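With the first sequence counted from 1, adding 31 to any position gets you the numbering used here. Note that beta-carbon positions come from the ideal geometry of N, C-alpha and C, so glycine has one too. Treat the numbers as computed from the prediction; the structure is a model and nothing was measured. Report on one structure; see the data block that follows.
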Amino acid sequence: MASNEEFDFLSDEENFENDWKFDENDDISTYINSSTTPLSADTNKEVVNLGKAMTIVAENNSNERKVSRMDLNTTKAGMDGLDKDKINQIILEASKGSKFYENEKKREKQVQKRIEELQRKMASFTNEQKVKAKQAADKIVQELEQGRDLSRTIVHVDMDAYYAAVEMRDDPSLKSKPMAVGGSAMLCTSNYLARRYGVRAGMPGFIAKKLCPNLTIVRTNFDKYTKISHEIREVLAEYDRNFLPMSLDEAYLDITDYLRGNEGQNKRMGEVKEEESKDIEGKHDTGKIAGVKFESTDTQENVCAETKENDKTKTENAKDAKFIVRVKQETKLVEVKQETSKIEALPNHDFEVTKQVKVERAFDDDVTKYKQNEKDSEGTHRPNRTEAQETKGDIELEPIPLKAETAKHELDENSFNQQKGEGMITVGQSEAQGESDWDFGHGSSENDTSFLHEEPAVAEQEMFYNKVEEVVKEMRRKIEVKTQLTASAGIAPNMFLAKVCSDKNKPNGQFYLKPERDKIMDFVRELPLRKAFGIGRVSEQILTSVLKANTCSELYDRRHLMQLLFTPNACTNYLEISLGLGSTVVDVDRERKSMSTETTFKEINKPEEHLAKCHELCQELSESLKAHRLTARKIGIKLKTINFEVKTRVVTASFPVQQTEELFSHAKKLLVNEIRSSSPEPLRLRLMGVRAAELCEKGMVNESKQPTIISLMKKNGSVRERSISLNASQAAESSKACGPEQEVSLEHGSMSREDEVRHSEICSDLTVLDDHPSTSKEYTNDHVPSDQLGCHNFHGNAKTERSSNQAVSREEPTTFNCPVCGRDLTFRSGNALLQMNRHVDTCLSKQAVPGVLKYDSGQQTNKAKQSSKKRKRESSKNTNRTVKRKPMDRFVTKHTK
DNA sequence: ATACATACC
DNA sequence: GACTGGTATGTAT
Numbered sequence: 032m033a034s035n036e037e038f039d040f041l042s043d044e045e046n047f048e049n050d051w052k053f054d055e056n057d058d059i060s061t062y063i064n065s066s067t068t069p070l071s072a073d074t075n076k077e078v079v080n081l082g083k084a085m086t087i088v089a090e091n092n093s094n095e096r097k098v099s100r101m102d103l104n105t106t107k108a109g110m111d112g113l114d115k116d117k118i119n120q121i122i123l124e125a126s127k128g129s130k131f132y133e134n135e136k137k138r139e140k141q142v143q144k145r146i147e148e149l150q151r152k153m154a155s156f157t158n159e160q161k162v163k164a165k166q167a168a169d170k171i172v173q174e175l176e177q178g179r180d181l182s183r184t185i186v187h188v189d190m191d192a193y194y195a196a197v198e199m200r201d202d203p204s205l206k207s208k209p210m211a212v213g214g215s216a217m218l219c220t221s222n223y224l225a226r227r228y229g230v231r232a233g234m235p236g237f238i239a240k241k242l243c244p245n246l247t248i249v250r251t252n253f254d255k256y257t258k259i260s261h262e263i264r265e266v267l268a269e270y271d272r273n274f275l276p277m278s279l280d281e282a283y284l285d286i287t288d289y290l291r292g293n294e295g296q297n298k299r300m301g302e303v304k305e306e307e308s309k310d311i312e313g314k315h316d317t318g319k320i321a322g323v324k325f326e327s328t329d330t331q332e333n334v335c336a337e338t339k340e341n342d343k344t345k346t347e348n349a350k351d352a353k354f355i356v357r358v359k360q361e362t363k364l365v366e367v368k369q370e371t372s373k374i375e376a377l378p379n380h381d382f383e384v385t386k387q388v389k390v391e392r393a394f395d396d397d398v399t400k401y402k403q404n405e406k407d408s409e410g411t412h413r414p415n416r417t418e419a420q421e422t423k424g425d426i427e428l429e430p431i432p433l434k435a436e437t438a439k440h441e442l443d444e445n446s447f448n449q450q451k452g453e454g455m456i457t458v459g460q461s462e463a464q465g466e467s468d469w470d471f472g473h474g475s476s477e478n479d480t481s482f483l484h485e486e487p488a489v490a491e492q493e494m495f496y497n498k499v500e501e502v503v504k505e506m507r508r509k510i511e512v513k514t515q516l517t518a519s520a521g522i523a524p525n526m527f528l529a530k531v532c533s534d535k536n537k538p539n540g541q542f543y544l545k546p547e548r549d550k551i552m553d554f555v556r557e558l559p560l561r562k563a564f565g566i567g568r569v570s571e572q573i574l575t576s577v578l579k580a581n582t583c584s585e586l587y588d589r590r591h592l593m594q595l596l597f598t599p600n601a602c603t604n605y606l607e608i609s610l611g612l613g614s615t616v617v618d619v620d621r622e623r624k625s626m627s628t629e630t631t632f633k634e635i636n637k638p639e640e641h642l643a644k645c646h647e648l649c650q651e652l653s654e655s656l657k658a659h660r661l662t663a664r665k666i667g668i669k670l671k672t673i674n675f676e677v678k679t680r681v682v683t684a685s686f687p688v689q690q691t692e693e694l695f696s697h698a699k700k701l702l703v704n705e706i707r708s709s710s711p712e713p714l715r716l717r718l719m720g721v722r723a724a725e726l727c728e729k730g731m732v733n734e735s736k737q738p739t740i741i742s743l744m745k746k747n748g749s750v751r752e753r754s755i756s757l758n759a760s761q762a763a764e765s766s767k768a769c770g771p772e773q774e775v776s777l778e779h780g781s782m783s784r785e786d787e788v789r790h791s792e793i794c795s796d797l798t799v800l801d802d803h804p805s806t807s808k809e810y811t812n813d814h815v816p817s818d819q820l821g822c823h824n825f826h827g828n829a830k831t832e833r834s835s836n837q838a839v840s841r842e843e844p845t846t847f848n849c850p851v852c853g854r855d856l857t858f859r860s861g862n863a864l865l866q867m868n869r870h871v872d873t874c875l876s877k878q879a880v881p882g883v884l885k886y887d888s889g890q891q892t893n894k895a896k897q898s899s900k901k902r903k904r905e906s907s908k909n910t911n912r913t914v915k916r917k918p919m920d921r922f923v924t925k926h927t928k
């Protein structure tokens, strides 16, 4: 069991890691290699005893083998002794020749191409360019360094093998078996026994079975995980009521305030809840607007919830000139202190206050907290602060103080200039030198120790550190007592580091990276880049193969090259990573930007089935939109062919939509367009998705946006004309299509007069588009040869051979097979194509999908019924549809910026 | 602005 | 014999 422990410690939890193949946590004692030599092309012999796999190795040595995106990631310590290659071979065997694998190869080639381009580009740099680039990079580094904030204590809590742990807790017999949780298509997580076979989260079941034939697969029970997750969150909330859940088993907390005096906070919880629920408007004392944080220690959770509820308010108010405070340069935490009716830009600060903010309530705590901050960083951390700025009455914007490090910076440049003099600036150069200038600030006490407290404070600081550890231990213990499940935690001054730390002593452990720059730099020095948030397998590959950088320090050493190769955004991000910088703002109230549904299915290649599926998805999406009271101005579809090629298409609607039929009307056209484009081949899909973006709150649409739309439409002669040109049956048709959902769509019961007007305008508009696809720019297939538009329109069913436009426009009768109604139709006039398209479009709009099934065989109908039943089952099983999405509501990719 | 790619859980 | 789903964001065109 010793080996068990040894490897368990590495285990990453149920991330839905797409790249499980490369994960360093393939801690498979079963496949431990007696030799620690990493298997490479010339060590293939080691695989001989795997029999079948060996064949593949041999075979793949020629060219198959070079799918490096399928290679294992060997960057992490503790990997010695694992034969990841054996696992890889089995996986390779299982997927070899599959469409998935072929697609992976294709993508690999694309990445390879990108890499080659970058390499070429890099070879062309002159020394002069590099010198300049380095200066630019150093300037950014200086700015970043100045913004370094070590004042927060961020905790990342991560449950150990969460789903698997839950299942084992509830069925102890599973503890002794290799087990995974998930479906046959995809596993969510696995227990430690299974991991020893290489069975991991994100792995399809059939491959897992090959790796571990005895594997028990337990079906997911999200209800249970969700319920337990709530219990866990109750504990977390005691430490930070504004904590940020990332998923059911993972969350970030900012326990800074808790550490400063938890009694106060707990006491406040009750009071605030009552008060706050009454009036939302007046209590925006906390929130983050345009990069400025209005912070008040005591109402975080509630205000956060409100802000969420009021996302719209924020946006809207921006329009009304209510709160706009722009922080120049980059996002920094700015504290707004105390009640006031205005914000002023203070001289010599990086702020531009363009609008005024009104905060109606005063919180003494703000002041208290502020003073605490002040004390913490006295003389160093906030050097710009003056007494005058503390004056009550006006909100003060306090930038995170800049740490003066110019001298250091120049030193750095000098060392570079020396290199330049030798004309030796190349990739790998600094490696050759053996001396990295990465931790340029390291050891320079003038910078670093000044951050910390003076001598007398040392003991106090130790106490503080102990307290931090104890608090987090207590938190984990509470979780365990409550749920019988263990959690691991990482504690650090920012989210990036906290996340890495939580992995360090997993399972059931914690790691505290103390808020000292030296310690951070040491910690980060050998950190594999892949660990950094935002660096996935592709970026890693680029960084290793182009920049020859595997760790943060190596990345830092190549900063001049980065500067020349990558976009400013990417560079800044990479620099932050290499300096161990990350977001210090556990930011909960982010607006949702999109909402989508997608499903994978057995091949669908018939247009009517495509449309039926699309309609289903629109319905689902519509429900979600309604549940969140959102409407969308952008509607998109996502298609994945049976070859795993993904296509996305979007349209911008003329007005925000929410109803199934509205969504469908847009999605349908996008879809039909793709069906046409793929002709004469049928569109063979394995996945379809519908997405809504540019969301706005429903209420707003009716009140503010709607009149605009109507007036716009009224002004627009062509729209008007076409609307009018609808014949009676079409009009009836369209209002029928839109009709069924009217009531649901309106929050306050029956339609208002305005709504009715709008509604019929909508329907008309949509129908017009339906009926005249060639007059609507969005849906016209200008780029497609017109023979495709016509006969190819629907998988080459035209019975008359033609090869050009001219042929089509002749008087020859042309016969089409309509893919929707299935009838053969013959057109004689010159515009047979147009007629056919019209027919199909009309056919489609008539069907509005419930009707689609009428045209299908009984078999098809049953299938559709089954699938709808299945969906219902699933949604009743997962009563947590909204709950399931909730963590995602708060999903934050924030990484400073 | 749209499409595609990458990333995260 | 056949590799998820939801969301965000960056990059290229």
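In terms of alpha-carbon separation, which member of Glu269, Val266, Phe274, Leu218 lies closest to Thr247?
-> Sequence index remark: in the first sequence, residue 247 carries index 216 (1-based). Out of Glu269, Val266, Phe274, Leu218, Leu218 has the C-alpha closest to the C-alpha of Thr247.
Just the Cα atoms here: how many angstroms apart are Phe706 and Val619?
-> Counting from 1 along the first sequence, the entry for residue 706 is found at position 675. Counting from 1 along the first sequence, the entry for residue 619 is found at position 588. As written in the sequence, residue 706 is Ile, which differs from the Phe given in the question. Cα to Cα, Ile706 sits roughly 41 Å from Val619.
Endpoints, the beta strand (DSSP E) within which Val188 is located | Here the question's residue 188 lines up with position 157 in the first sequence. Run containing Val188: 185 to 190, per the beta strand (DSSP E) assignment.
Compute the Euclidean distance between the alpha carbons of Ile118 and Ile510, then round it to the nearest angstrom.
-> Taking the first sequence and counting its residues from 1, the one referred to as residue 118 is at position 87. Taking the first sequence and counting its residues from 1, the one referred to as residue 510 is at position 479. Approximately 35 Å between the Cα atoms of the pair.
Within its chain, find whatever has a CB closer than 7 Å to the CB of Val569; leave out the 5 residues flanking it on each side and keep chain order.
-> The sequence position of residue 569 within the first sequence is 538, counting from 1. Here the set comprises Val142.
N-terminal and C-terminal residue of the alpha helix (DSSP H) that Arg145 is part of = Within the first sequence, numbered from 1, the residue matching residue 145 stands at position 114. Its alpha helix (DSSP H) spans residues 130 to 154.
Inspect the CB distances between the region 174 to 188 and the region 527 to 544 and report whether three or more fall short of 8 Å.
-> yes
C-beta atoms of Cys645 and Leu702 nearer than 8 Å | Translated into the one-based positions of the first sequence, residue 645 becomes position 614. Translated into the one-based positions of the first sequence, residue 702 becomes position 671. Their beta carbons are under 8 Å apart, which means Cys645 touches Leu702 by this criterion.
Taking only runs of the beta strand (DSSP E) that begin and end inside the region 501 to 531, which ones reach a length of at least 3 residues, in chain order?
-> 518 to 523
The alpha helix (DSSP H) spanning Arg664 covers which residue range?
-> On the first sequence, position 633 is the one that residue 664 refers to. Premise fails: Arg664 lies in the beta strand (DSSP E), 661 to 672, not in any alpha helix (DSSP H).
Do Tyr256 and Thr220 have their C-beta atoms closer together than 8 Å?
-> Against the first sequence, residue 256 aligns to sequence position 225. Against the first sequence, residue 220 aligns to sequence position 189. Not in contact: Tyr256 and Thr220 (Cβ atoms no closer than 8 Å).
May I ask you to list the residues that DSSP assigns as paired with Val677?
-> Indexing the first sequence from 1 puts residue 677 at position 646. According to DSSP, Val677 bridges with Lys671.
Given 8 Å as the limit, is there contact between the region 201 to 210 and the region 229 to 247, that is, 3 or more CB pairs closer than that?
-> yes
Use the C-beta contact count for Ser625: other C-beta atoms within 10 angstroms, 16 or more gives buried, fewer gives exposed.
-> In the first sequence, residue 625 corresponds to position 594, counting from 1. By the 10 Å Cβ count, Ser625 comes out exposed.
Could you name the residues that DSSP lists as bridge partners for Asp285?
-> As a working note, residue 285 is residue 254 in the first sequence. According to DSSP, Asp285 bridges with Ile185.
Who pairs with Ala723 in a beta bridge, going by DSSP?
-> Here residue 723 corresponds to residue number 692 of the first sequence, with the count starting at 1. Bridge partners of Ala723: Met626, Ile666.
Glu778 classed as buried or exposed, judged by whether at least 16 other C-beta atoms fall within 10 angstroms = Translated into the one-based positions of the first sequence, residue 778 becomes position 747. Interpretation of Glu778 is limited by its pLDDT of 30, a score under 50 that renders its predicted location unreliable; no figure is taken from the coordinates.
In the structure shown, what three-state DSSP assignment does Lys498 receive?
-> Start at 1 with the first residue of the first sequence, and residue 498 comes out as number 467. DSSP places Lys498 in helix when its eight states are reduced to three.
Three-state class that DSSP yields for Thr257 in the structure shown | The residue labelled residue 257 in the question sits at position 226 within the first sequence. It is helical.
For Leu275, I'd like the list of residues in its chain whose CB is within less than 8 Å of its CB, leaving aside the five on either flank, ordered along the chain.
-> In the first sequence, counting from the first residue as 1, residue 275 sits at position 244. So the qualifying residues of the chain are Ala282, Tyr283, Leu284, Val617, Asp618, Val619, Arg921, Val923.
Given that a residue counts as buried once 16 or more other Cβ atoms are within 10 Å of its Cβ, and exposed if not, what is Pro203?
-> Residue mapping note: residue 203 aligns to position 172 of the first sequence, counting from 1. That one is exposed.
Closest by CA to Glu501, which one among Leu516, Lys657, Tyr543, Ser278?
-> Along the first sequence, one-based indexing puts residue 501 at 470. Glu501 has its Cα closest to that of Tyr543, out of Leu516, Lys657, Tyr543, Ser278.
Can you name the start and end residues of the beta strand (DSSP E) that Gly213 belongs to?
-> Here residue 213 refers to the residue found at position 182 of the first sequence. Residues 210 to 213.
Those residues which DSSP pairs with Ile635 across a bridge = Position 604 of the first sequence, counted from the first residue, corresponds to residue 635. Answer by DSSP bridge pairing, in chain order: Leu716.
Identify every residue that forms a DSSP beta bridge with Tyr543.
-> As a working mapping, residue 543 is identified with position 512 in the first sequence. Tyr543 is bridged to Ile522.
Is the distance from the Cβ of Arg556 to the Cβ of Thr514 below 8 Å?
-> Working through the first sequence from its first residue, we reach residue 556 at position 525. Working through the first sequence from its first residue, we reach residue 514 at position 483. Not in contact: Arg556 and Thr514 (Cβ atoms no closer than 8 Å).
Where do the ends of the alpha helix (DSSP H) carrying Leu606 lie?
-> Sequence index remark: in the first sequence, residue 606 carries index 575 (1-based). Start and end: 599 to 609.
Going by the beta-carbon positions, is the gap between Lys130 and Ile673 smaller than 8 Å?
-> Taking the first residue of the first sequence as 1, we reach residue 130 at position 99. Taking the first residue of the first sequence as 1, we reach residue 673 at position 642. Yes, these two residues count as a Cβ contact at 8 Å.
In terms of alpha-carbon separation, which member of Leu656, Asn536, Ser709, Leu718 lies closest to Gln689?
-> In the first sequence, the residue the question calls residue 689 occupies position 658. Checked all of Leu656, Asn536, Ser709, Leu718; the closest Cα to Gln689 is Leu656.
The region 706 to 719 / the region 657 to 671 touching (three or more Cβ pairs under 8 Å) = yes
How would you label Phe253, buried or exposed, when you count the other beta carbons within 10 angstroms and need 16 or more for buried?
-> Indexing the first sequence from 1 puts residue 253 at position 222. Buried, since its Cβ has 16 or more Cβ neighbours within 10 Å.
Could you tell me if Lys140 is buried or exposed, where buried requires 16 or more neighbouring beta carbons within 10 angstroms of its beta carbon?
-> Sequence index remark: in the first sequence, residue 140 carries index 109 (1-based). So Lys140 ends up on the exposed side.
Is it true that the CB of Asn222 sits closer than 8 Å to the CB of Met199?
-> Within the first sequence, the letter at position 168 stands for residue 199. Within the first sequence, the letter at position 191 stands for residue 222. Against a cut-off of 8 Å, the Cβ pair of Asn222 and Met199 comes out as a contact.
Tell whether a beta-carbon distance below 8 Å holds between Thr615 and Asp180.
-> In the first sequence, counting from the first residue as 1, residue 615 sits at position 584. In the first sequence, counting from the first residue as 1, residue 180 sits at position 149. Against a cut-off of 8 Å, the Cβ pair of Asp180 and Thr615 comes out as a contact.
Using three-state DSSP, classify Cys243 as helix, strand or coil.
-> Here residue 243 refers to the residue found at position 212 when the first sequence is read from its first residue. Of the three classes helix, strand and coil, the one that applies to Cys243 here is coil, per DSSP.
With distances taken from CA atoms, which of Val197, Ile122, Pro687 is nearest Val230?
-> The residue you call residue 230 lines up with position 199 of the first sequence. Cα-wise, what sits closest to Val230 is Ile122.
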